Amino acid sequence: MIEEVRSWKKTLAEQLIGKMEARQFEAYYCETGKEAFDKACSLMPEGSSVTCGGSTTLKQIGMIPYLQGEGGKKYHYLDRGLAKTAQEKREVFAKAALTDYYLMSSNAITLDGELVNVDGVGNRVAALCFGPENVIVIASLNKVAKDAKSALDRVRNMAAPPNAVRLNCGTPCTVTGSCGNCLKPGCICADLVVTRFSRTPGRLKVILVGEDLGY
Ligand code: SF4
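Quick note on numbering: the sequence shown equals residues 205 to 419 in our numbering.
The following block contains the structure:
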């Protein structure tokens, strides 16, 4: 990363951290995905129960195999990938509400420090809003948008279409590349959630990352 960009990202992150702390989020800045990985691990004591929402960012930083126990089992990881039936998946999503730590990314972040997320099934935004004792959000600065409206615009036109392609949703955006405001069975934009405050101080822990990650 060239020095001017590094300095600009640090300044942007510092501004966002101030805005997030006013919202009772804990917030941190890491330059790289590797540093963000280490920071997230340092926030979770060994032996904690942990699960996560579907996230390209978490995959890119190598979090999933680590939680699964690669290199030594450190957490009680509730692995939704092991659910074989719809009922088993439902049970995993329900048990997620009682975990110590829930890891996820955010689809977007506003310049005012709000988290903006869309979800198809709703399990990820449900955990963000209520349930797990702590939620760790790892999100790159490439997801920052001016306000909630532009954040939603970004999510539905930049983030959701590649996700819908990846998940083979059969929605209009998988054909046109941009949002068709669909009401299709495979729609991944069923719930649009803006998180503007945490009633429990520090429950939401946001790790901003300078390196581009996710969509
Ligand atoms: S077309 Fe449907 S699934 Fe695709 S971005 Fe728009 S609302 Fe979401």
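Even glycine gets a Cβ: it sits at the ideal position worked out from N, Cα and C. On a predicted model such as this, the values are computed, not experimentally measured, just so you know.
Within the chosen limit of 6 Å, ligand 1 reaches the beta carbon of Gly-384 through at least one heavy atom. In the DSSP assignment, Ala-301 falls outside any alpha helix (DSSP H), carrying neither H nor E. Judged by DSSP secondary structure, Tyr-270 falls outside any beta strand (DSSP E) and instead within the alpha helix (DSSP H) spanning 267 to 272.
Collapsing the DSSP output to three states places Asn-321 in a strand. Residue range 207 to 226 is occupied by the alpha helix (DSSP H) that includes Ile-221. Taken in chain order, the complete alpha helix (DSSP H) segments of 4 residues or longer contained in the segment 330 to 373 are 352 to 358 and 364 to 370. The closest CA to that of Leu-356, considering only Cys-386, Arg-370 and Leu-396, is found on Leu-396.
Cys-234 is bridged by DSSP to Val-413. For Ala-312, the CB stays at least 6 Å from every heavy atom of ligand 1. Each residue's CA atom was taken as its position, placing Val-348 and Lys-277 some 34 Å apart. For Thr-255, the enclosing beta strand (DSSP E) starts and ends at 253 to 256. Distance from the C-beta of Pro-389 to the nearest heavy atom of ligand 1 is not below 6 Å.
Taken through DSSP and simplified to helix, strand or coil, Ala-394 comes out as coil. Taking a cut-off of 8 Å on C-beta distances, the segment 398 to 413 does not touch the segment 378 to 388, as fewer than three cross pairs fall below it.
In summary, Leu-271 is buried, with 16 or more beta-carbon neighbours lying within 10 Å of its beta-carbon over all protein chains present. Comparing alpha carbon positions, the residue from Tyr-233, Glu-225, Phe-229 and Tyr-281 closest to Glu-415 is Tyr-233. With at least 16 other beta carbons inside 10 angstroms of its own, Gln-264 counts as buried. Taking 7 Å as the cut-off, the Cβ atoms of Ala-312 and Val-359 count as close. Gly-324 counts as buried, since no fewer than 16 other beta carbons sit within 10 angstroms of its beta carbon.
Closer than 6 Å to some heavy atom of ligand 1: that describes the Cβ of Ala-368. Beta-carbon to beta-carbon, Ile-342 and Ser-382 are separated by about 26 Å, too far to satisfy the 8 Å threshold.
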